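Sequences listed follow chains A and B, in order.
The letter at position 89 of the first sequence is residue 89 when you use our numbering, and the numbering goes up by one with no holes.
When you read off a place in the second sequence, starting at 1, and then add 259, the result is the number in our numbering.
Glycine included, each C-beta is placed from N, C-alpha and C at the ideal position.
Quick caveat, the model's predicted, so the values are computed rather than measured.
Comments concern the structure below.
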Amino acid sequence: MSKRIDVKDLNVYYSKFLAVEDVNINIEARSVTAFIGPSGCGKSTFLRTLNRMHEVIPGARVEGEVLLDGDNLYDTAVDPVTVRGEIGMVFQRPNPFPTMSIRDNVLAGVKLNNKRISKSDADSLVEKSLQGANLWNEVKDRLGRPGSGLSGGQQQRLCIARAIAVSPQVILMDEPCSALDPISTLAIEDLINELKAEYTVVIVTHNMQQAARVSDKTAFFNIAGTGKPGRLIEYGDTTTIFNKPAVKATEDYVSGRFG
Amino acid sequence: MSTTSLKASTDRGRAGDKIFSGVSLTAGVLILAVLFSVAVFLLVQAAPTFSADPTEVTGGNGFSAYILPIVVGTVVAATIALLIATPVGIAVALFISHYAPRRLARAFGYVIDLLAAIPSVIYGAWGYIVLAPQMAKAYAWLAENLGWLPIFAGPASQTGKTMLTAGVVLAVMVIPIITSLSREIFLQTPTLHEEAALAMGATRWEMVRMAVLPFARPGIISAAMLGLGRALGETMAVALVLSPGALGASLIKTGNQTIAAEIALNFPEAFGLRLNELIAAGLVLFVITLIVNMIARFIITRHKEFSGAN
Chain A
1 MSKRIDVKDL NVYYSKFLAV EDVNINIEAR SVTAFIGPSG CGKSTFLRTL
51 NRMHEVIPGA RVEGEVLLDG DNLYDTAVDP VTVRGEIGMV FQRPNPFPTM
101 SIRDNVLAGV KLNNKRISKS DADSLVEKSL QGANLWNEVK DRLGRPGSGL
151 SGGQQQRLCI ARAIAVSPQV ILMDEPCSAL DPISTLAIED LINELKAEYT
201 VVIVTHNMQQ AARVSDKTAF FNIAGTGKPG RLIEYGDTTT IFNKPAVKAT
251 EDYVSGRFG
Chain B
260 MSTTSLKAST DRGRAGDKIF SGVSLTAGVL ILAVLFSVAV FLLVQAAPTF
310 SADPTEVTGG NGFSAYILPI VVGTVVAATI ALLIATPVGI AVALFISHYA
360 PRRLARAFGY VIDLLAAIPS VIYGAWGYIV LAPQMAKAYA WLAENLGWLP
410 IFAGPASQTG KTMLTAGVVL AVMVIPIITS LSREIFLQTP TLHEEAALAM
460 GATRWEMVRM AVLPFARPGI ISAAMLGLGR ALGETMAVAL VLSPGALGAS
510 LIKTGNQTIA AEIALNFPEA FGLRLNELIA AGLVLFVITL IVNMIARFII
560 TRHKEFSGAN
């Protein structure tokens, strides 16, 4: 229940502006891959092309191929709605639906596309997903309460539960801990370690210790200057990237000597 | 010494604060004073009606027998208007905010705002000259085929100047209000929640149902209430489109009347007790509006916990 992603010659545009240029990357199934790099280097933009969320922004488009176990996501016959069901996403700021209860938030994706689910199946799915997100014990007595009443860290884990409830192949995380305190961050990092047993996880982070702690492989993105497109500079095993990077820019960035 | 410096704080920057609080207080007091004086006027002028001899009131059976049919007529006309205008208004607003290409959406938005500025007498004239004759044909068909339903009982009006036509004209007048307000609220839906829905594999319509409509719910209710206010109080359009008569269940026969149109049609030549009666009718309309708004408030606060405001 997890697939690999291969990206070939991908260019990402906002209208005429080339935001990310010529990315080639192979992301293994059942692993955690971290994207690091300075602000504005296009790592979040690139992440959003992996489940076709990039094109939600008016004027945004891509050139090139993203292959999910060999199937091109950008094939004209592919519906982005199907893609997003296969490749889930967790955002920078926790975004549970404020008008739904905790339980309904978990089930939100499952009930899409007119799918029906019996009450007992729903109950066990809610429990399983919340267990999977390490949130069950904290919320099991108040599943009917609004999701917006939880703390920031709990809300983010609720969003992860919502993402895994639809059993995706891949989970993308766009700086999932940047709005959280250290304790909640630790909880999410533990969770990412558990998730990779079943899912392919891709995480964008500004926190290099976090990348070092959670990921198997790391990709370093950089930008030559304002208005220039972002590029993938170096990609390899996390230990290599942090200890013996091949490129000078990577070494400068991971050792904090950047700029 | 620290205490002295605290107490000796200068008035720098405080003047603006004082002026602002003064202005807002004055505005608040002014609106209350105006409302109060209208309420007092209504009560004082309406009072003689309630103590009058029932035989002297129009119709000869007392005020409640006079007012009840037109209260029902008012509520029916406004209900028809709202039943048509709310779904149409929401659909148009959604089209502008989430479906139409951006340029078209902007042009469309301007046109809708323009519609809200057309005086009601124009809508009335349009309803009377253009809509009513067309509706008359439909009424003939309705009376023939659905005549077993009390609301479509025949014989249908030949001129089309009926309750249903009035309701449709009111709906057309209310749609721009509901559309503009809903559109503004739909546009304010947090991108965060829209993207949350899309990223789970929601289609556009599912995204609207999951993120946009729940977020906009209180706003839609407020928009409908403002629209209802206009429908309840509309005089000119109803006076032109409806040929009034006794209360009846059929919406396609001549008959029925609304409070606002009743006041407008009879006010110019009313004097003495008749004038008091009409003002009392106005008081009743005032109370209806108040009740409707309280119900709307109640509906909005009932779901407060899940509004996302916490």
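Query                                                                                                                          : Result
Neighbourhood of valine 347 of chain B by C-beta, 7 Å cutoff - its chain only, sequence neighbours within 5 removed            : Ile434
Phenylalanine 17 of chain A versus alanine 397 of chain B: straight-line alpha-carbon distance, rounded                        : 56 Å
Status (buried if at least 16 other CB within 10 Å, exposed otherwise) for phenylalanine 97 of chain A                         : buried
Of the listed residues B/Leu544, B/Val551, B/Ile550, nearest to isoleucine 329 of chain B (C-alpha basis)                      : B/Leu544
Closer than 8 Å to chain B by CB, arginine 93 of chain A                                                                       : yes
Cβ of threonine 560 of chain B within 8 Å of any chain A Cβ                                                                    : no
Proximal residues, the region 455 to 467 of chain B versus chain A, C-beta separation under 7 Å                                : Ala455, Leu457, Ala458, Met459, Gly460, Ala461, Thr462, Glu465
For leucine 261 of chain A, the first and last residue of its enclosing beta strand (DSSP E)                                   : The structure shown does not extend to residue 261 of chain A, since chain A is modelled only from 1 through 259, so no value can be given for it.
Proximal chain B residues relative to valine 81 of chain A, where beta-carbon distance stays under 8 Å                         : Gly460, Ala461, Thr462
Alpha-carbon to alpha-carbon, threonine 317 of chain B and tyrosine 325 of chain B                                             : 7 Å
For isoleucine 160 of chain A and asparagine 134 of chain A, the rounded distance between their alpha carbons                  : 10 Å
Closer than 8 Å to chain A by CB, histidine 452 of chain B                                                                     : yes
Same chain, Cβ closer than 8 Å to glutamine 156 of chain A, five either side skipped, listed in chain order                    : Val90, Pro94, Pro176, Cys177, Ala179, Leu180, Ser184, Ile188
C-beta atoms of leucine 390 of chain B and threonine 424 of chain B nearer than 8 Å                                            : yes
Nearest-angstrom Cα separation, counted from phenylalanine 354 of chain B out to proline 368 of chain B                        : Note that residue 368 of chain B corresponds to glycine in the displayed sequence, not to proline. So the alpha carbons of these two residues sit roughly 10 Å apart.
Test: arginine 361 of chain B CB closer than 8 Å to a CB of chain A                                                            : yes
Nearest to leucine 506 of chain B (by Cα), restricted to the options B/Ala286, B/Val331, B/Phe322                              : B/Val331
Element boundaries [alpha helix (DSSP H), containing threonine 33 of chain A]                                                  : Not the alpha helix (DSSP H): threonine 33 of chain A falls in the beta strand (DSSP E), residues 32 to 36.
Segment contact, 8 Å Cβ cut-off, at least three pairs: the region 7 to 14 of chain A with the region 38 to 50 of chain A       : yes
Separation of glycine 152 of chain A from methionine 459 of chain B, as counted between CA atoms                               : 20 Å
Closest Cα partner of alanine 340 of chain B within the set B/Leu457, B/Ile437, B/Arg556                                       : B/Ile437
Any C-beta of chain B under 8 Å from that of alanine 108 of chain A                                                            : yes
Residues, ordered as in the chain, of the region 153 to 182 of chain A that lie near chain B by beta-carbon distance below 8 Å : Cys159, Arg162, Ala163, Val166
Asparagine 569 of chain B at chain A interface by Cβ criterion, 8 Å                                                            : Confidence at asparagine 569 of chain B is low in this model, with a pLDDT of 46, below 50, so its placement is unreliable and the value that follows should be read with caution. Yes, contact with chain A.
One or two residues paired with proline 146 of chain A in a DSSP bridge                                                        : A/Ser101
Beta carbon proximity, phenylalanine 411 of chain B to chain A, threshold 8 Å                                                  : no
Member of B/Leu491, B/Val546, B/Leu487, B/Glu536 whose CA lies at the smallest distance from the CA of proline 313 of chain B  : B/Glu536
CA-to-CA distance, glycine 486 of chain B to glycine 531 of chain B, given in whole angstroms                                  : 34 Å
Contacting residues, own chain, Cβ-Cβ under 6 Å from valine 170 of chain A (five flanking each side not counted)               : Ile87, Thr200
Short Cβ contact (8 Å threshold) for glutamate 493 of chain B with leucine 429 of chain B                                      : yes
Neighbour flag for phenylalanine 354 of chain B against chain A, beta carbons, 8 Å                                             : no
Member of B/Phe474, B/Ser439, B/Ile479, B/Leu499 whose CA lies at the smallest distance from the CA of alanine 364 of chain B  : B/Ser439
Euclidean distance between Cα positions of asparagine 569 of chain B and phenylalanine 322 of chain B                          : Reliability fails at asparagine 569 of chain B, whose pLDDT of 46 lies under 50, so the model's placement of it is uncertain and the value that follows must be treated cautiously. Their backbone Cα atoms lie some 48 Å apart in a straight line.
CB contact flag (glycine 413 of chain B, glycine 419 of chain B, <8 Å)                                                         : no
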